[in-house]
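Residue numbers (UniProt numbering): 1 to 343.
Data first, discussion second: the structure below is written as structure tokens.
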DNA sequence: TAGTCGTGGCC
DNA sequence: TGGCCAAGACT
């Protein structure tokens with residue numbers, strides 16, 4: 001039997017019952033694909049259910065404020081996905097008359113939709129026979145065909161896309177793409193792949209050549225930058241300061257305490273002529289893909305007049321605990337508050 | 001095109 | 001523990 005018929009048979013028998021597989025609504029397919037970018041099904045599913053429930057149609061999403069969308073996205077990471085999701089929803093409603101693009105070429109024009117996502121939506125929602133090449137597809141194809149092309153090289157995408165076009169099942173392109181991904185996510189996993197129960201182990205070239213553990217080849221390594229964050233929890237009674245992150249940096253358009261990024265918080269306060277007595281409340285390191293953040297939470301109790309004064313100086317807002325439900329927060333801030341207000 | 005963007009799970 | 005990686009896209 002051929003590669004595609006074997007994995008489709010396997011998929012029909014073993015596919016997981018995931019909520020976005022219950023319909024062909026392109027909006028919901030798009031929503032699920034954006035949420036699942038660089039995200040495991042186990043982590044993304046709850047977010048998908050919340051979004052689908054809160055915004056059942058693209059018009060509902062377009063009507064929302066970006067802050068509301070980011071709040072619902074809080075904790076999922078890669079927040080540009082949420083910003084682009086919202087931008088694109090408005091674009092579809094306002095410029096495309098609320099009609100979702102129905103082919104790969106037009107889907108590619110949407111912000112936040114690249115080759116993978118366009119192919120996934122086109123194949124799943126509109127039966128267009130184009131391969132969706134994600135990390136799973138790279139790995140499964142690299143092993144099955146014993147391909148030693150560096151998947152972090154620019155040519156790799158094109159190479160695997162062309163390969164995928166040759167093996168995709170034109171009658172069931174959406175199921176084929178999902179079968180490839182599901183195989184990669186559950187059988188052909190990066191470490192200790194389950195070759196013993198793999199439906200294509202008889203014809204897998206990497207098994208034959210004993211190269212399974214070597215593939216796929218990926219040369220690019222990430223450089224990790226070290227940063228020191230000092231968050232200031234400046235409170236007067238129930239109120240404290242919070243500030244929107246508008247710069248192009250991590251957590252853009254989310255909110256955090258007034259922040260000083262410095263080796264010496266004392267020196268920083270002196271330079272700004274701020275006379276604050278700070279108590280170290282909490283310290284932790286927070287790991288991001290390209291950054292290692294050393295975070296210190298400082299607390300300062302002030303009176304209401306001083307809080308107002310500092311809000312102006314630090315370009316911040318004054319809010320209270322109850323209002324936090326509207327403010328999207330980076331994970332460390334979320335954890336800090338959940339500890340602070342714990343019963 | 002190389003760097004950047006989160007969080008969590010696994011070994 | 002630390003490194004790797006996940007249904008990638010943007011600049």
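Beta carbons are placed, not taken as given, at the ideal position from N, Cα and C, and that holds for glycine.
| Asked | Found |
| --- | --- |
| Spatially closest choice to residue 345 from 278, 31, 295 and 248, by CA coordinates | With the chain covering 1 to 343 only, the question about residue 345 has no answer from this structure. |
| Status (buried if at least 16 other CB within 10 Å, exposed otherwise) for residue 181 | buried |
| Residue 96 - partner residues in DSSP beta bridges | Partner(s): none; residue 96 has no beta bridge. |
| Nearest-angstrom Cα separation, counted from residue 229 out to residue 240 | 18 angstroms |
| Residue 251 versus residue 328 - alpha carbon distance | 9 angstroms |
| Nearest-angstrom beta carbon gap, residue 219 and residue 175 [assumed within contact, 8 angstroms] | In fact, because the Cβ distance is near 33 angstroms, the residues do not count as touching under 8 angstroms. |
| Cβ separation of residue 276 and residue 305, assumed to be a contact under 8 angstroms, to the nearest whole Å | Not a contact, Cβ separation roughly 14 angstroms. |
| 8 angstroms Cβ cutoff met for residue 109 and residue 84 | no |
| Residue 331 vs residue 226 beta-carbon contact at 8 angstroms | no |
| Reduced DSSP category for residue 349 - H, G, I as helix; E, B as strand; rest coil | A question about residue 349 goes unanswered here, because the residues of the chain that appear run from 1 up to 343. |
| Whether residue 253 touches residue 231 by CB criterion (8 angstroms) | no |
| Enclosing alpha helix (DSSP H) for residue 308 [first to last residue] | 304-313 |
| Cβ pair residue 144, residue 132 closer than 8 angstroms | no |
| Run of the alpha helix (DSSP H) containing residue 320, from where it starts to where it stops | Looking at the DSSP string, residue 320 is not in any alpha helix (DSSP H); the run it does join, the beta strand (DSSP E), is 317-320. |
| CA-to-CA distance, residue 273 to residue 264, given in whole angstroms | 14 angstroms |
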